[in-house]
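Undergrad: Residue numbers (the working numbering), protein chains in the order written: chain A, 1016 to 1237; chain C, 1016 to 1237.
Glycine residues also receive a C-beta, built at the ideal position from the N, C-alpha and C atoms.
Okay, here's the structure, questions in a sec.
There are 2 protein chains.
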Amino acid sequence: MKFSASEENYIKSIYGLQGKTEKVNTNSLAVHMNTRAASVTDMLKKLKSKKLIEYKKYYGFRLNEFGNREALRIIRRHRLWEFFLVTKLGMNWDKVHPIAEELEHVSSNDLIKRLDNYLGQPKIDPHGDPIPDAQGKMPVLKQVSLDNLPTKKTGIVSSVSSQTHQMMEMLNHYGIGIGSQIKVLKSFDFDGSLQIKISKQPACTISGQAAQNIFVYDDQEK
Amino acid sequence: MKFSASEENYIKSIYGLQGKTEKVNTNSLAVHMNTRAASVTDMLKKLKSKKLIEYKKYYGFRLNEFGNREALRIIRRHRLWEFFLVTKLGMNWDKVHPIAEELEHVSSNDLIKRLDNYLGQPKIDPHGDPIPDAQGKMPVLKQVSLDNLPTKKTGIVSSVSSQTHQMMEMLNHYGIGIGSQIKVLKSFDFDGSLQIKISKQPACTISGQAAQNIFVYDDQEK
DNA sequence: AATAATTTTTAGATTTGTCTAAAATAATTT
DNA sequence: AAATTATTTTAGACAAATCTAAAAATTATT
């Protein structure tokens, strides 16, 4: 089934609010979507008629099984595009959201399957949020800053805490990017600096401060 | 200035029809866009009010300077996305059009600039059509089939005449893809087969039949 | 040049998604 | 528990993009 961009935005927003509160109410959705309560009610009727939500007048609403599945498909598309924009086109992670908001509505399944493959089936987007898989399952991966990764264990770089020019310059120099495989060879207690190895590159050393701002997740978790 | 997806589709279609006839008439645009003449008239009024077309009632219409520039921006986006879908995601060129029709309306300038760079500023899309540059200039490049490329001259693969499984298998085997730099080292008159060299790969030989179905354009033309 | 045929435009309706203002319902306060 | 306040829904309107059917203008035909 296909949905309009507007319907998809509502589905996505309801999904987001569901996380925090059991039943979602009209006003909070209106605030979240920067629209009026009356518009929300109108759309709720439509989403109900399309069997995406559980909705009783005046009593709040939530996505049903079908609605949740749809939400995860949209979120998957959004996060894959964000990953693409950052890792392939080199955009800053704090700039990609509005563009991904547009790209996420392009609805070809084949496109998304291929994009996913092309990107190496990433599990985490550049903001550190998990990317649902094709079945709509959210990976549960704990992320740790690089200074907390046990020595000798490999991690995949998922995000960095800031994308200042200075930070990017340094990451670039070391060849560290989102998706990089990284292993801590040795950590020096004296100043917190780390000797690290990035997949096919020679080992190098980074400061403890840098390490605190680079996040990785456990490679091994399925 | 920003335009709706619908306005952009009209602009693009008018541009396409202008090539064939001086003045475009309502009916042919309606046929081309698979819509009714009345809908076309409605949109013409809007495009005129937005100063994109020259339009006198009952006398036909055409894009003005501004409209042409806009059309070329849309076509540029469309063809860059097609190039992306084929070369990066491995889709067949005969499948990419409808997806590019959606992607072309995503309107970030920064996105397109980066996409263009990422793709290596391609000049020709996978259907063999030229890609307008950022200034809206259409490159004029003659394409020749590989068997007509002079020996020792390099060409860039722009398109292939069919994308059957068999063809793709062979191209894959030889490491030939759209955008590949290719040089003919020697051609054998006996059977038309060619010894060729692809950028960083060892030389290899392909049949004359294959060569007839691979199109390249002249590397050197600015 | 008058009539017929074709093309284009207008008039009015429809759908989607939005809005404001008023009415209905629920929650809170006294 | 009655009154006040807050939330939600309805009613009616609007803009964008489309449509059908009828009217207007142009082109072709006799």
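Reducing DSSP to helix, strand and coil, say where A:Ile-1211 ends up.
TA: The count along the first sequence starts at 1 and reaches residue 1211 of chain A at position 196. The answer is strand: DSSP assigns A:Ile-1211 an E or B state.
Undergrad: Would you kindly check if the distance between the Cβ of A:Ile-1127 and the Cβ of A:Gly-1082 is under 9 Å?
TA: Counting from 1 along the first sequence, the entry for residue 1082 of chain A is found at position 67. Counting from 1 along the first sequence, the entry for residue 1127 of chain A is found at position 112. Taking 9 Å as the Cβ cut-off, A:Gly-1082 and A:Ile-1127 do not qualify as a contacting pair.
Undergrad: If we count the other Cβ atoms within 10 Å of its Cβ and call it buried at 16 or more, is C:Ala-1218 buried or exposed?
TA: In the second sequence, residue 1218 of chain C corresponds to position 203, counting from 1. Exposed is the call here.
Undergrad: So C:Arg-1091 contacts chain A; which residues on that side make the cut at Cβ distance below 7 Å?
TA: Working through the second sequence from its first residue, we reach residue 1091 of chain C at position 76. Chain A residues near C:Arg-1091: none, gap ~16 Å exceeds 7 Å.
Undergrad: By the 10 Å Cβ neighbour count, where 16 or more other Cβ atoms means buried, how is C:Ser-1202 classified, buried or exposed?
TA: Counting from 1 along the second sequence, the entry for residue 1202 of chain C is found at position 187. When all chains shown are included, C:Ser-1202 counts as buried.
Undergrad: Roughly how far, in whole angstroms, is the beta-carbon of C:Ile-1197 from the beta-carbon of C:Val-1172, given that I think they are within contact range, below 8 Å?
TA: Within the second sequence, numbered from 1, the residue matching residue 1197 of chain C stands at position 182. Within the second sequence, numbered from 1, the residue matching residue 1172 of chain C stands at position 157. 6 Å between Cβ atoms; contact.
Undergrad: Compare the Cα-Cα distances from A:Lys-1215 to each of A:Ser-1195, A:Asn-1079, A:Gly-1170 and report the closest residue.
TA: One-based indexing of the first sequence puts residue 1215 of chain A at position 200. Taking only the C-alpha atoms, the option nearest A:Lys-1215 is A:Ser-1195.
Undergrad: What is the rounded straight-line gap between the Cα of C:Asn-1079 and the Cα of C:Gly-1192?
TA: Here residue 1079 of chain C refers to the residue found at position 64 of the second sequence. Here residue 1192 of chain C refers to the residue found at position 177 of the second sequence. Computed Cα separation, rounded: 38 Å.
Undergrad: Contact criterion: CB-CB distance below 9 Å. Does C:Glu-1117 meet it with respect to chain A?
TA: Reading the second sequence from its first residue, position 102 is the one you call residue 1117 of chain C. Closer than 9 Å to some Cβ of chain A, the Cβ of C:Glu-1117 qualifies, so yes.
Undergrad: Mark A:Leu-1087 as exposed unless 16 or more other C-beta atoms lie within 10 angstroms of its C-beta, in which case mark it buried.
TA: In the first sequence, the residue the question calls residue 1087 of chain A occupies position 72. When all chains shown are included, A:Leu-1087 counts as buried.
Undergrad: Checking the sheet assignment: what are the DSSP bridge partners for A:Glu-1117?
TA: Against the first sequence, residue 1117 of chain A aligns to sequence position 102. Answer is none; A:Glu-1117 lacks a bridge partner.
Undergrad: Check the Cβ-Cβ distances between C:Ala-1105 and every residue of chain A, and say whether any is below 9 Å.
TA: If you number the second sequence from 1, residue 1105 of chain C lands on position 90. Residue identity differs from the one stated: residue 1105 of chain C is Gly in this sequence, not Ala. Yes, because at least one Cβ of chain A sits closer than 9 Å to the Cβ of C:Gly-1105.
Undergrad: Across which residues does DSSP place C:Leu-1100 in a beta bridge pair?
TA: Position 85 of the second sequence, counted from the start, is the residue given in the question as residue 1100 of chain C. Answer is none; C:Leu-1100 lacks a bridge partner.
Undergrad: Of the choices A:Glu-1097, A:Ile-1213, A:Met-1153, whose alpha-carbon is the least far from that of A:Asp-1109?
TA: By one-based count along the first sequence, residue 1109 of chain A stands at place 94. Comparing Cα positions, the closest option is A:Glu-1097.
Undergrad: So, for C:Arg-1094: in the same chain, excluding its five sequence neighbours on each side, which residues have a beta-carbon less than 7 Å away from its beta-carbon?
TA: The count along the second sequence starts at 1 and reaches residue 1094 of chain C at position 79. Result list for C:Arg-1094: Asp-1140, Asp-1144, Ile-1146, in chain order.
Undergrad: Contact criterion: CB-CB distance below 9 Å. Does A:Lys-1110 meet it with respect to chain C?
TA: Here residue 1110 of chain A corresponds to residue number 95 of the first sequence, with the count starting at 1. Yes, A:Lys-1110 counts as interfacial toward chain C.
Undergrad: Does any CB atom of chain A fall closer than 9 Å to the CB of C:Val-1199?
TA: In the second sequence, the residue the question calls residue 1199 of chain C occupies position 184. With 9 Å as the cut-off, C:Val-1199 does not count as an interface residue toward chain A.
Undergrad: Could you pull out every residue in the same chain whose Cβ sits closer than 6 Å to the Cβ of A:Thr-1169, ignoring the five residues on either side in sequence?
TA: Stepping through the first sequence from its first residue, residue 1169 of chain A is reached at position 154. Same-chain partners within the cutoff: Gln-1196, Lys-1198, Asp-1234.
Undergrad: What is the C-beta distance between A:Leu-1130 and C:Leu-1130, in whole angstroms, given that I count them as a contact (C-beta under 8 Å)?
TA: Residue 1130 of chain A sits at position 115 when you count from the first residue of the first sequence. Residue 1130 of chain C sits at position 115 when you count from the first residue of the second sequence. Actually they do not touch by this definition, with Cβ atoms about 13 Å apart.
Undergrad: Who are the neighbours of A:Ile-1229 on chain C, taking C-beta pairs under 9 Å?
TA: In the first sequence, counting from the first residue as 1, residue 1229 of chain A sits at position 214. Here the premise fails: no neighbours, minimum Cβ distance about 23 Å.
Undergrad: Could one say the Cβ of C:Arg-1051 lies closer than 9 Å to chain A's Cβ atoms, at least one of them?
TA: By 1-based counting over the second sequence, the position of residue 1051 of chain C is 36. No, C:Arg-1051 does not count as interfacial toward chain A.
Undergrad: Is the Cβ of A:Asp-1125 closer than 9 Å to any Cβ of chain C?
TA: Position 110 of the first sequence, counted from the start, is the residue given in the question as residue 1125 of chain A. Output row for A:Asp-1125: interface = yes.
Undergrad: Around the Cβ of C:Leu-1200, are there at least 16 other Cβ atoms within 10 angstroms (buried) or fewer (exposed)?
TA: What you label residue 1200 of chain C is simply residue 185 of the second sequence in a count that begins at 1. Exposed, by the Cβ-count rule.
Undergrad: Any idea if A:Val-1046 is buried or exposed, counting beta-carbon neighbours within 10 angstroms, 16 or more meaning buried?
TA: For this step, residue 1046 of chain A is matched to residue 31 along the first sequence. A:Val-1046 is exposed by the Cβ-count criterion.
Undergrad: Just the chain C side, please: which residues come within less than 8 Å of A:Val-1101 by C-beta, in chain order?
TA: The count along the first sequence starts at 1 and reaches residue 1101 of chain A at position 86. Under the 8 Å cutoff, chain C gives no residues; its nearest Cβ is about 11 Å from A:Val-1101.
Undergrad: Would you check if the distance between the CB atom of A:Phe-1230 and the CB atom of A:Ser-1174 is smaller than 9 Å?
TA: Here residue 1230 of chain A is taken as the residue at index 215 of the first sequence, counted from 1. Here residue 1174 of chain A is taken as the residue at index 159 of the first sequence, counted from 1. Yes.
Undergrad: Pull up the DSSP beta-bridge partners for A:Leu-1078, would you.
TA: On the first sequence, position 63 is the one that residue 1078 of chain A refers to. According to DSSP, which records beta bridges pairwise, A:Leu-1078 is partnered with A:Ile-1068.
Undergrad: Check for me: the beta strand (DSSP E) holding A:Asp-1233 runs from which residue to which?
TA: As a position in the first sequence, residue 1233 of chain A is number 218, starting the count at 1. Where A:Asp-1233 is concerned, the enclosing beta strand (DSSP E) stretches over 1229-1233.
Undergrad: Could you run through the segment 1069-1082 of chain A and flag, in chain order, every residue whose CB is less than 9 Å away from some CB of chain C?
TA: Of all residues in the segment 1069-1082 of chain A, none has a Cβ within less than 9 Å of some Cβ in chain C.
Undergrad: So what's A:Gly-1143 in DSSP terms, helix, strand or just coil?
TA: In the first sequence, residue 1143 of chain A corresponds to position 128, counting from 1. Three-state result, A:Gly-1143: coil.
Undergrad: By DSSP, does A:Gly-1223 sit in helix, in strand, or in coil?
TA: Taking the first sequence and counting its residues from 1, the one referred to as residue 1223 of chain A is at position 208. Looking at A:Gly-1223 - three-state DSSP - the assignment turns out to be helix.
Undergrad: Which residue wins for smallest C-alpha separation from A:Thr-1036, given the options A:Val-1055, A:Leu-1059, A:Leu-1134, A:Gly-1075?
TA: Within the first sequence, the letter at position 21 stands for residue 1036 of chain A. Looking at the Cα atoms, A:Gly-1075 is the closest of the given residues.
Undergrad: Would a C-beta distance cut-off of 9 Å place C:Arg-1077 and C:Ile-1029 closer than the cut-off?
TA: In the second sequence, the residue the question calls residue 1077 of chain C occupies position 62. In the second sequence, the residue the question calls residue 1029 of chain C occupies position 14. A contact, by the Cβ cut-off of 9 Å.
Undergrad: So, does the CB of C:Leu-1130 fall closer than 9 Å to a CB anywhere in chain A?
TA: Translated into positions along the second sequence, residue 1130 of chain C becomes position 115. So yes, C:Leu-1130 belongs to the interface.
Undergrad: Going by C-alpha to C-alpha distance, which of C:Val-1111, C:Arg-1092, C:Ser-1160, C:Glu-1116 sits closest to C:Gln-1150?
TA: Along the second sequence, read from residue 1 onward, the residue named residue 1150 of chain C stands at position 135. Answer by Cα proximity: C:Arg-1092.
Undergrad: Out of A:Ala-1225, A:Gly-1190, A:His-1180, point me to the one whose CA is closest to A:Gly-1207's CA.
TA: Numbered from 1 along the first sequence, position 192 holds the residue referred to as residue 1207 of chain A. Out of A:Ala-1225, A:Gly-1190, A:His-1180, A:Ala-1225 has the C-alpha closest to the C-alpha of A:Gly-1207.
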